[in-house]
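What follows is a set of notes on a single structure, which appears directly below.
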Amino acid sequence: MFINPYKNRLPLFLFLELSITVVLVGFIIFAIRTNQHFNTIALLASLIFLIRYIEKPKKVGNLLLFLIILSTWLGIRFT
């Protein structure tokens, strides 16, 4: 039996998450070719987890992943 993980999601959050995912995949493909933009990839990945945390605040794992990836982005950005 197939379980649809997007069944009970709000359309706005689903649209934001899926559009950021598409942009993220594009940046990953571009970064593999040029070895650049890894800070943008980390920022976009952290935004996905922030959107998931805003949608369901009781899931602290999404907040932790957001903070971990954001700190990685800050480390890449300012070094």
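Per this note's numbering, residue 0 is the first one in the sequence shown, and the count goes up by one each step.
Cβ coordinates follow ideal geometry from the N, Cα and C atoms, glycine included.
Could you check if residue i is buried or exposed, using at least 16 other CB atoms within 10 Å of its CB as the buried criterion?
| i | result |
| --- | --- |
| S45 | buried |
| I68 | buried |
| L43 | buried |
Determine the direct distance from the alpha carbon of residue j to that of residue i, and round the result to whole angstroms.
| i | j | result |
| --- | --- | --- |
| W72 | L66 | 10 Å |
| V59 | P10 | 22 Å |
| F14 | K6 | 13 Å |
| N61 | I28 | 25 Å |
| N3 | S70 | 32 Å |
| P56 | L64 | 13 Å |
| G74 | N38 | 9 Å |
Compute the distance between the beta-carbons of residue i and residue j, then report whether it is under 8 Å.
| i | j | result |
| --- | --- | --- |
| I19 | I40 | no |
Counting Cβ pairs closer than 8 Å, one from the stretch 22-32 and one from the stretch 49-65, do we hit at least three? no
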